[in-house]
Amino acid sequence: MHHVQEAQILAALQTVMEPDLKKDLVTLGMIEDIRIDERNRVSFSVVLTTPACPMKNQIRQACIDAVRTCVPLADEIEVNMTSKVTSGCSHHQGEEERPLKGVKNIIAVASGKGGVGKSTVAVNLAVSLAATGAKVGLIDADLYGPSIPTMFGMNDAKPEVVDKNLVPVEKYGIKLMSIGFLIETDTAIIWRGPMASSAIKQFISEVAWGELDYLIFDLPPGTGDIQLTLVQTIPLTGAVIVTTPQDLALADVSKAVSMFRKVHVPILGLVENMCYYELPDGTKDYIFGKAGGERFAKAQGIAFLGAIPIGREVREGGDSGIPFVMAEKASATATAMTRAAQEVARQISITNACNGREPS
Ligand SMILES: Nc1ncnc2c1ncn2[C@@H]1O[C@H](COP(=O)(O)OP(=O)(O)OP(=O)(O)O)[C@@H](O)[C@H]1O
Ligand SMILES: [Mg+2]
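Numbering of the sequence shown is given in the numbering used here, commencing with residue 150 and proceeding in unit increments.
Below is the structure:
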């Protein structure tokens, strides 16, 4: 009996392209652990750049098809889909950034104006990515109205201090940090610009984040001084901009886009929130106007990451401490949010690949 050779498997997989990175899987170093047993049963691992890869099944099938076609002797073909998240953080800031050593990507979630669902998107993005197996952290940078403790049902949590670093609170496998954990919720504090940004910077430099694939940053709304200082000083991989269709008509979203462009932070894309309400008979009511987000993104040359409908479960999830992507997995809102999270992960992988960053 003829034996299948490893080189034949590699040659076959060289015909499979990574759809976003536009190179073949072998050249990209994504194939590991090729095994061929005495009965020509073949197995190998495909190491994706994110566990949230939206094309996981498509890539797996392409691998199986390629091996079947190019290596007819191969009997059963087993493909293990694994992942190593690529890193998009520049760590040249030196010693004071040390607690961030293990953080591969920092993503800012921003909006031109308040109340568009930024925190909702940040929280459910974190939960969606964590559900794929990624290691995720979340920072609530809203000093005036921290909402993350409530959205995780953690209003009474207090972070510990170990070796002068704050230890993030953990819920649903996500590491959390919020000013809401540190001060009494009814204490009124007037944060002046510099004080506010230095408080938030401490969430980066004095919190023991450990190893994280994605650290998500729920920025305060707007494009003022605090936001500008933050996006300039934090080594961001990129930004996700949240809007409502109504908000699109205003200049605020463009201002947010310009702010990130000015400081050379890549814009990963745009999420349109509250895009329609689905009536019981299935028709969609575009309360705030239709599909402006996609058009806006196109005009700005940025990726459209998805549209999240209005849903009762979204608000309920925010109030109950059980995010809607967990509590109402089958809902249209959760499906849309999960897809948007995959798109975010995909854009991060593309951005890192464009910057020549290899899986680390
Ligand atoms: N798709 C949606 N469907 C229904 N309700 C939503 C949706 N998105 C957000 N909400 C609700 O709208 C309100 C505002 O959302 P959220 O707090 O996430 O906005 P924000 O942009 O973070 O606001 P802020 O600017 O105050 O930080 C919340 O009560 C939230 O539950
Ligand atoms: Mg918010």
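Note that CB positions come from ideal geometry on N, CA and C, so glycine has one too.
Annotated as distal: residue 458 and residue 477, with beta-carbon spacing of 8 Å or more. Of the residues 474, 174, 282, 421, the one whose Cα lies closest to the Cα of residue 454 is 421. Using a Cβ distance threshold of 8 Å, residue 474 and residue 206 do not count as a contacting pair.
Residue 388 is bridged by DSSP to 257, 416.
Across the structure, residue 391 and residue 402 are spaced so that their CA atoms are roughly 8 Å apart. Our two residues, residue 451 and residue 442, have alpha carbons roughly 11 Å apart in a direct line. A distance below 6 Å between beta-carbons, with the five flanking residues on each side excluded, links residue 306 to the following residues of its chain, in chain order: 318, 330. Every beta strand (DSSP E) of 3 residues or more that sits fully in the region 163 to 230 is shown, in chain order, as 180 to 185, 191 to 197.
CA-to-CA, the gap between residue 481 and residue 212 works out to about 31 Å. Considering only 369, 374, 189, the residue with the shortest C-alpha distance to residue 220 is 189. Contact between residue 325 and residue 287 holds, with the beta-carbon distance rounding to 5 Å and staying under 8 Å.
At least one heavy atom of ligand 2 is found less than 7 Å from the C-beta of residue 291. DSSP places residue 429 outside any alpha helix (DSSP H), giving it a letter other than H or E. Short of 6 Å from the beta carbon of residue 362, and not among the five residues preceding or following it, lie these beta carbons of its own chain, in chain order: 234, 253, 283, 284. For residue 319, there is no enclosing alpha helix (DSSP H); the residue is part of the beta strand (DSSP E) that begins and ends at 318 to 320. Here the alpha carbons of residue 289 and residue 302 stand approximately 14 Å from one another. The C-alpha of residue 255 lies about 7 Å from the C-alpha of residue 366.
Between ligand 1 and the CB of residue 439, the shortest heavy atom gap is not smaller than 7 Å.
Assignment of residue 445 by DSSP, reduced to helix, strand and coil, places it in the helix class. Shown here, residue 421 sits in a strand according to DSSP, grouped into three states.
Within the region 345 to 393, the runs of beta strand (DSSP E) at least 3 residues long that lie entirely inside it are, in chain order, 363 to 367, 387 to 392. If the five residues before and after residue 313 are omitted, its C-beta is found closer than 8 Å to the C-beta atoms of 355, all from its own chain and listed in chain order. Residue 431 counts as exposed, since fewer than 16 other beta carbons sit within 10 angstroms of its beta carbon. Its chain contains 308, 309, 310, 356, 357 as the residues whose beta carbon lies nearer than 8 Å to that of residue 316, once the 5 sequence neighbours on both sides are disregarded; these appear in chain order.
If you compare the alpha carbons of 463, 495, 467 with that of residue 484, the shortest gap goes to 463. CA-CA distance, residue 323 to residue 414, rounds to 25 Å.
Residue 236 carries a coil assignment under DSSP once its states are collapsed to helix, strand and coil. The C-beta distance from residue 470 to residue 269 rounds to 13 Å, too long to meet the 8 Å contact threshold. Out of 328, 406, 332, 397, the CA that lies nearest to the CA of residue 351 is found in 328.
Residue pairing of residue 159 in beta bridges, as defined by DSSP: absent, with no partner found. When rounded, the separation of the alpha-carbon atoms in residue 157 and residue 223 is 10 Å.
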